[in-house]
Amino acid sequence: MDPRIREVFARALDHAPDRRGTFLRRATAGDPALRTEVESLLASHARMGRFLEVAERDEIAEPWPAVPGYRLERLLGEGGNGRVFLAEELGELSRRVAVKVMHSGLGGPRARERFELERRILAGLQHDGIARIFAAGQLDDERPWYAMEWVDGPTLVRFCDGRLLGVSARLALFVRLCCAATHAHQRGVLHGDLKPANVLVCTVDGRPTPKVIDFGISRLRPGAADDLGGSGSRLGTPYYMSPEQHAADAVLDVRSDVYALGVMLGELLLGRFAAGGSGPLAGRFRSLDLDERRRRAALRDTSPSRLARQVRGDLDAILARATHPDPERRYPNVESLAQDCEHHLQSRPVAARAAGPLYVAGRFVRRRPTTVLVLLFVAAIPLLAQALGDLQREADRATRLARGWEAASADVLDFLEDSFRAVEPERAGPSPDVATLLVEATDRAGERFATGSLVGARVHLTLGRSWMAIGDEARAAVCFERSAAALQALGGAAAVPRATVDVELSRAAIALGDDARAVDLLARALPVLRAHRAQAFEAWLAAEVQQAFALGRREGVAASYRALEDTWRQVEELGRTGSLAAQSLLLDLIERAREAGAEQRARALELRFDELRRPGDGGVLHDLQRDYIATRSAFHAGRLAEADRFGTSLLPRVRAQLGSDHRLTFRVYELLGAIARKRQDFEGSVEMFRAAHLIALRIFGSGHPRALQATANLALAEIGNGALDAAGAVLEAAAADVAALPVDSERALRLRFRRVHAALLGARGQHAEALAVLEEELGAAEDRDEILEQHELRRLAVPLLIRNGSFELAENQLRALRSQPVVDGPVTPEAELDLDLWEARLEHARGHSDRALEILAARTARALRELGPASSVSVDALRYQASLLLELGREAEALRVTVTYRREFEQWLAAGERRSADRAVFARLLLTAEPAAARDPAAALTVLREDVESGRATLSARMSWSEALYRTGDVQGALAAVESAARDAPDDPRVLRTLAGLRAQAGVVSPSGDSK
Amino acid sequence: MPPRNPEPTDPPAAAPAVLPAELYERLRTAARRLMRGEGADHTLQTTALVHEAWLRLTHSDPELRQEPQRVLAAASEAMRRALIDHARTRGRLKRGGGAKRELFDLEDLPALADAEPEQVLALDDAFERLAAEDPEAAEVVRLRFHLGLGVEETAGALGLSPRTVKRRWAFARSWLFRELHGGDRSAGAALD
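First to last, the sequence lines map onto chains D and X.
Residue numbering for the first sequence follows the working numbering, starting at 1 and increasing by one per position.
Residue numbering for the second sequence follows the working numbering, starting at 1013 and increasing by one per position.
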């Protein structure tokens, strides 16, 4: 087909019907064939009505209305209750206006009332910042319309971005927008749907003026005359909707508009952020990719760091207060929000700031708050706390050395603060990030302190830990070496500090791949620290954890798990379970327990962790770890939506506070990848695993088993997403590292790569090759990792075997899968039913329909038993079973299973207090059961009667009620029932269509009767 | 120290023999729409239709689930075939004199509300011609009509802008309508 046909056709539709001829003549000049073709298509278009139309509204398909006195030119947009056209006013003025016409068909009386209310509201508002109304009327088909000021300009956000307006200019425009909103509020009008698309900017007397349009879902405030209910049904645009607006029947007030304005302000200042995040916006901005930050800053004609600095502080506090989830803690009205913005523009103190957390932080850094210092300060809290704690305890020993360390603390802080100052004050150029700062501090420390300086040793240690925290072990090792050298010069008196440093060094050595060195260091440090475990508690604990992991590498997970349990026991004996380090140990222990297969114990320890943690005493890292555990638990329990929500809000916080090269950040990414995959979001899963993989390469190094695991996960995700070549490339890049893995200790990992390979082959259609790989690897498993791998191999093999006709082998694998229940990931009844369905398929493929039916029958019975008859899983199981029976021509049996199910359902309903929703499910079954002989509309009436008469029935129950009446011959009753449903749900398309059908049936002549 | 075991991950390559929940819902909604609602007096129930479509899908290509795009396309194809089969069966029944007009048929497919099975089949023939002439427009019909995706969703699935989807959809509908109702190729009756 000539591609121009589609193109010209589409462009013709953008023109008013009476102008299409002209357009077409011009567009197809010299090509009569093309013109004839498009003309005939346009003719079909004009005649086809709602042919094939899907429930969704589609503006192109709807004919344009004829509005008396105006000539419509172009469709400007479509709102919830009507379409807006650009039109020319006929007559002497012939000015251009925007004409809004209510949608045809849908809505009913309520929508009409809303539309008319909108007209009246606009008529009552007179403000430069609000589009004015000129005229109103009714079409021939009684649809209301009105003409209003046409604002010929871009939306607020586009306007600002297009002119690269800076923060102050944006703020000034925002204040003027607030004035318009205030005007409306003072006249008792809530907008209810404030968002950038509803604020256009035009130039009045050379001055840009924002104008609010579309009061389509606005309402009069409660108490104002002509209140239309006042409680918000869920209209509006989710991103800008306040939490109370999301609630079903909250009473709204001006603070909802305050919230929407706050969200808009955030968007104006820093751009849009993923919904559902939390924390100061400047911080969220900082967690964006550098490219994205640059892009956004460029639109504001500034640099990313300067932009973040401008927003941090006052503006962040204003944003936080305007968008506080609790309306009580928001600005009470728009004026006070506007006032704070003006104060900020005039550099006066803002009201929102007094209670803000940044205020406190700002004071702490002696009123020299800089981006970097706050960031580093937050990241360093646990480190500093630990450093000071160590010093305190060493003082208890009352040795001179300890006094020296104690005295060092002030010097340490001075030094660090000096370092920050040295790089920060109003220097030209971009603001340094944490790493730059640390480089500078490290260099300075190297120059400043002589060997043998206690303060120097302390500073080097702290810097080394900071490097570890952001994942640069090589630099960390340099600092630790310096610290060790400094202590070395002090001799035996510094044995404990020296051992502390050795443990840190050994951590770094492992990360750098020097295991032998790590073992040596640990062997030297451990006896010293064990002898002083009460005094040097944190250092001792770190050493024990190191030791346990070393053990794990030599002897396997179980040994390391036992060692950690032993250490934990000692911590309990010492009564130090409340300390931060102990809680870190607990987190490690939980993970190891899980790896060693002690799931029960792991869950118990998680509870213990929850119990030990007191809010606010753990510092940043612990809050994040705790949230990570919560996310993970939700994932394991199969609460995927919840896990996704937790994880998604956790990620930006982790990144902002720990940086992207942190183990926890890595783990959060991996967890989110796994969650996304379970939710069938393959693309999201690739994105997460890709990020995790990059981090793993950075913090573990390529070739490290942990990094390779991330590689395998990424490859699986790519396969899941259908990007087979990408998956192949990932595997190829890792091939050499996989081959170099130790044969004995990494069996599970090698197995995993084989599995990924097979999956890739299968995905490429090379089934025989895939099967060959799998058959080679399927076998016995020794530890838990291998058991898991084998499990996955089997799941992969079953469909390939069935396809291959190897039914017996498939059966064996299925049997093995059943005997080895899923040990990881959510175990849901649905997952178990997976296996049943596979088996039914297998039997079906073998031609054993009877056996397949048996399995399905058992599945139905089990779903009934475990989930109850009202569960959709159970009802579906029954339906599938019945339909397969029908397919096999065994109608009597189909009837029998359905009748039996019905009886069970009846008994269950009679056996206790049941919800009306359960009765609705039952009624539905009675109306739609297979085979038709099992249906019983009269019984459905009996079941529903009480709920319907008492007004408890849900909408779908009421529709069932109507259907049952109709089926029992009471057409008028059915009609009355649907009419009553239509009054309560005037926008529900299902109700409306049924209504139309019933009216036609009952002989009521009213094709558009729902709008009276 | 890094824990050695990664987060649990599902093997995407292991075929879920039951439908992924989301796709299942999608198919079911589409089925309902095509079969005109739960209330209809059908020989083939909505749920059965879905399972039918799914089995068809996985039987023909068990590796499908690895490619969401293809799954979507295959699902719409499966739905279409199930619909056609159903219309054929119903046509046979009708000739046998069985079926009556169903009131609750009026759901969702206004123009097809009183469609005879023959019309369903004719529509499908027209659809196949469209697919041959303009595969891109047909793709939109698959997702919008057969699978019941919204404009935004279709746009997302095909990597197009919603505007483009709307245009193609309007085009495809006009084209199909003309095929079915006799093309008025001579003049633009609707044009002044």
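Heads up, the beta-carbon is just placed ideally off N, CA and C, and yes, glycines get one too.
query                                                                                                                   : result
Short-range partners of chain X found in the region 903-937 of chain D, where Cβ spacing is below 8 Å                   : Arg924, Leu927, Thr928, Glu930 and Ala932
Chain X contact for Arg6/D (CB, 8 Å cutoff)                                                                             : yes
Cβ-Cβ distance between Ala964/D and Pro937/D below 8 Å                                                                  : yes
Cβ contact (3+ pairs, closer than 8 Å) linking the region 195-209 of chain D and the region 159-178 of chain D          : yes
Contact between the region 11-19 of chain D and the region 28-35 of chain D (3+ Cβ pairs under 8 Å)                     : no
For Ala929/D, the three-state DSSP class (helix, strand or coil)                                                        : coil
CA-to-CA distance, Ala759/D to Ala768/D, given in whole angstroms                                                       : 12 Å
Distance between beta carbons of Arg321/D and Tyr259/D, contact taken as under 8 Å                                      : No, Tyr259/D and Arg321/D are not in contact; Cβ-Cβ is about 10 Å, not under 8 Å.
Cβ contact check for the region 284-292 of chain D and the region 148-156 of chain D: 3 or more pairs under 8 Å         : no
Proximity below 8 Å, CB of Cys179/D to CB of Gly137/D                                                                   : no
Segment contact, 8 Å Cβ cut-off, at least three pairs: the region 523-536 of chain D with the region 556-564 of chain D : no
Between the CA atoms of Phe646/D and Ala674/D - distance to the nearest angstrom                                        : 14 Å
Proximal residues to Asp1146/X (C-beta, below 7 Å), its chain only, five neighbours per side dropped                    : none
Residue of Ile1096/X, Gly1171/X and Ala1085/X minimising C-alpha distance to Asp1137/X                                  : Ile1096/X
Short Cβ contact (8 Å threshold) for Leu261/D with Val212/D                                                             : no
Chain X contact for Leu76/D (CB, 8 Å cutoff)                                                                            : no
C-beta atoms of Ala445/D and Val459/D nearer than 8 Å                                                                   : yes
Chain D contact for Arg1093/X (CB, 8 Å cutoff)                                                                          : no
Boundaries of the alpha helix (DSSP H) in which Phe549/D is found, first to last residue                                : Phe537 to Glu555
Exposure label - Ser819/D; buried when at least 16 CB within 10 Å                                                       : exposed
Other residues of its chain near Asn721/D: CB distance less than 8 Å, five sequence neighbours each side excluded       : Phe682, Glu683, Ser685 and Val686
Enclosing alpha helix (DSSP H) for Ala870/D [first to last residue]                                                     : Counting along the chain, Ala870/D falls outside any alpha helix (DSSP H), and DSSP gives it neither H nor E.
Same chain, Cβ closer than 8 Å to Asp502/D, five either side skipped, listed in chain order                             : Ala484, Leu521, Leu522, Arg524 and Ala525
Any 3 or more C-beta pairs closer than 8 Å across the region 883-891 of chain D and the region 903-923 of chain D       : no
Of the listed residues Gln600/D, Ala596/D and Leu607/D, nearest to Leu586/D (C-alpha basis)                             : Leu607/D
Beta-ladder partner(s) of Lys1178/X, from DSSP                                                                          : DSSP output for Lys1178/X lists no bridge partner at all.
Three-state class that DSSP yields for Arg272/D in the structure shown                                                  : coil
Rounded separation between Val360/D and Phe609/D - CA only                                                              : Any reading at Val360/D needs caution, since the residue's pLDDT is 30, under 50, leaving its predicted position unreliable; the model's value is listed next. Going by the C-alpha atoms only, they are around 29 Å apart.
Whole-angstrom distance between Ala852/D and Arg296/D, CA atom to CA atom                                               : 59 Å
9 Å Cβ cut-off: residues of chain D touching Glu1145/X                                                                  : Met1
Nonlocal neighbours in the same chain, by C-beta distance under 6 Å from Leu1124/X, ignoring five residues either side  : A caution first: Leu1124/X carries a pLDDT of 38, below 50, which makes its placement in the model unreliable, though a value can still be read off. Closer than 6 Å at Cβ, skipping near neighbours: no residue.
Interface flag, Leu34/D vs chain X, CB-CB below 8 Å                                                                     : no
Distance, Leu529/D Cα to Gly575/D Cα                                                                                    : 18 Å
Exposure of Thr22/D, with buried meaning 16 or more beta-carbon neighbours within 10 Å                                  : exposed
Contact test: Leu586/D Cβ vs the ligand ATP heavy atom, cutoff 7 Å                                                      : Questions concerning the ligand ATP fall outside what the structure shown contains, since it holds no ligand whatsoever.
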